Structures are given as C-alpha cells and as structure tokens.
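In what follows, a single structure is set out as structure tokens and then discussed.
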Amino acid sequence: MEEDLTQPLISAEEPLSETRLRHHRREPAVVAQLETLTRMPARRVKDMLDTLEPETLVVAYRACLRRSLPNFAEHIRSAMSRRIAPFLNSRLRRFPGRDSEEWEDVVAELAVRLYQEWGDTSAKTEFWEVRFWKCLGLRLMDAMRAVRGKRVEVAESTEPDELVQDDSDAPLDRELRRIAAVAAMDHLPPDLIQVITYKYWWRLPDAQIARRLHCSERTVRVRIRKALALLRQHIGGDP
C-alpha cells in the first residue's frame with residue numbers, strides 16, 4: 002500500500018527513536034513521489050508540494066540535491082518558505098523591541114541559516130526531518146541574537162540550557178531538548194516572553210530590562226523565576 006505523504010511524519014505520543022526509524026523508511030516513498038512530480042506541469046507541482054508536511058519537504062529537498070535536480074529543489078524550497086511565512090509573522094507580533102528594518106535583517110539572517118541547514122545532508126541536521134517547527138523556532142532565536150550582536154559572556158544565573166540537561170550524550174537529543182525549551186515559550190504569557198527574551202537571547206542585565214519594561218529589578222527577577230518554572234513544567238521529560 003502506498004504511503005500517504007500528506008500525513009504528519011511524527012506523532013506527539015511516539016518516542017523519538019521510533020520517529021527516526023519511520024523517517025528512514027519514508028525516504029524511498031518520498032523519492033518515488035519526486036519522480037512523479039518531475040513529470041507534472043509546474044502549477045500542479047506547486048499545488049502538490051503545498052499539501053506535504055514540512056518534514057517531508059526537507060527529505061524531498063535533500064533528495065533533489067543528492068540527485069542533482071537543482072531546479073526542482075528550488076520549487077521545494079519555495080514551498081517551505083511559503084509554509085513558514087505565517088509562523089514568522091506571528092513571531093514578529095509577539096516579540097518586543099522590533100522595527101521593520103531590524104526584522105528584515107533577522108529574516109535575512111534566518112534565511113541564510115535555513116538554506117544552509119536544509120541543504121545539509123549530514124546526520125547533525127537530521128532533526129529537521131522529524132521536528133521541523135521546533136527547529137525553526139530555535140533558528141529564529143539564533144538569528145535574532147546574531148542581529149542584535151550581543152556577544153557577551155553568559156550571565157551567572159539560570160540559563161535555558163540548564164532546563165534541558167539530561168544524562169544523554171547524544172548531540173541530537175540535547176539539541177532537541179533545547180528546541181523543546183524554545184517551543185515551550187508558546188505557553189508563556191506575553192510579559193514572561195518579554196522578560197525571557199531580553200534576559201537570555203538579548204543578554205540584557207536586569208537593570209536594563211527593568212528600564213525597558215518600566216518596572217523594578219525585583220519584578221524582573223520574579224518574572225524570570227516564574228517563567229523558568231513554567232518552562233520546566235512544559236518541557237517535562239521528553240522533548
């Protein structure tokens with residue numbers, strides 16, 4: 002029976018190890034679908050690509066690059082770009098301190114990172130094929146931090162990394178847990194998202210955060226503690 006490639010690759014209840022195994026079984030089906038798509042008119046190709054899950058699109062994009070199909074790879078990359086546009090627009094509304102010029106710089110920086118990682122077929126970027134949206138959230142934070150140009154030492158206080166430490170030595174598992182910490186921010190109220198963003202991605206001291214938010218440093222520290230407690234709650238054990 003032919004697999005339905007429009008269905009999600011992952012399930013929230015499924016262990017990550019099982020998800021990876023299903024990904025490797027799915028790749029031949031994606032390649033077979035590619036061969037069909039290459040014979041379709043451009044308009045039908047676009048419509049079909051827009052029905053696929055983003056994890057499947059990453060698998061297809063990398064398969065095109067390995068098979069020297071750069072023109073078709075561009076169609077797939079365009080489909081992925083269309084898919085992430087609503088996500089980026091929603092984040093623009095939610096994070097503080099933005100202006101249009103700065104946001105354009107963030108998007109440009111993000112595009113460089115995404116195109117580089119989507120085209121990387123090594124094992125270190127495998128997580129794009131199983132946790133696309135969580136990876137995207139993390140890379141957006143990286144791009145925001147790069148544009149801000151904050152290159153300071155990590156503050157001597159609880160860092161998001163401390164929320165995701167476990168006994169695993171697998172780099173992929175550690176990275177996925179970091180992604181889970183970023184994704185968990187969706188569960189925070191706006192005032193806590195603001196303070197966490199200022200503290201851990203912009204690396205601002207408490208005094209400067211207090212001035213920006215028009216509150217006391219004590220209030221900043223209370224909000225940080227509350228936000229970290231909520232993040233720990235939502236991360237739980239597995240990402």
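The sequence shown begins at 2 in this note's numbering and counts up one residue at a time. Think of the CB as a built atom: it goes at the ideal place given N, C-alpha and C, for glycine as much as any other residue. Computed from a predicted structure; not experimentally measured.
Segment limits, alpha helix (DSSP H) that includes residue i
i: Val60; result: 55–67
i: Arg212; result: 207–214
i: Asp51; result: Run containing Asp51: none; DSSP gives neither H nor E here.
i: Val196; result: 191–197
Proximity of residue i and residue j at Cβ, strictly below 8 Å
i: Ile210; j: Tyr201; result: no
i: Leu53; j: His76; result: no
i: Tyr62; j: Trp119; result: yes
i: Glu110; j: Val59; result: no
i: Arg146; j: Leu193; result: no
i: Leu1; j: Arg84; result: Nothing in the structure corresponds to residue 1, since the chain is present only between 2 and 240.
i: Leu231; j: Leu189; result: yes
Residue closest to residue i, alpha-carbon to alpha-carbon, out of the options
i: Ser217; options: Gln234, Leu58, Val196; result: Val196
i: Leu205; options: Glu118, Asp48, Val221, Gly120; result: Val221
i: Asp143; options: Asp106, Thr122, Asp121, Ser123; result: Asp106
i: Ala74; options: Leu232, Glu110, Lys47, Asn90; result: Lys47
i: Phe88; options: Thr57, Pro42, Phe133; result: Phe133
i: Gln117; options: Arg83, Arg78, Gly138; result: Arg78
i: Pro191; options: Val113, Leu115, Arg68, Leu214; result: Leu214
i: Phe128; options: Lys227, Thr57, Ala230; result: Thr57
i: Asp121; options: Ala64, Lys227, Pro55; result: Ala64
i: Pro55; options: Asn90, Ala80, Leu93, Gln234; result: Ala80
Can you list the alpha helix (DSSP H) stretches of 4 or more residues lying completely in the stretch 98–150, in chain order?
Runs of the alpha helix (DSSP H) inside the stretch 98–150: 101–119, 133–149.
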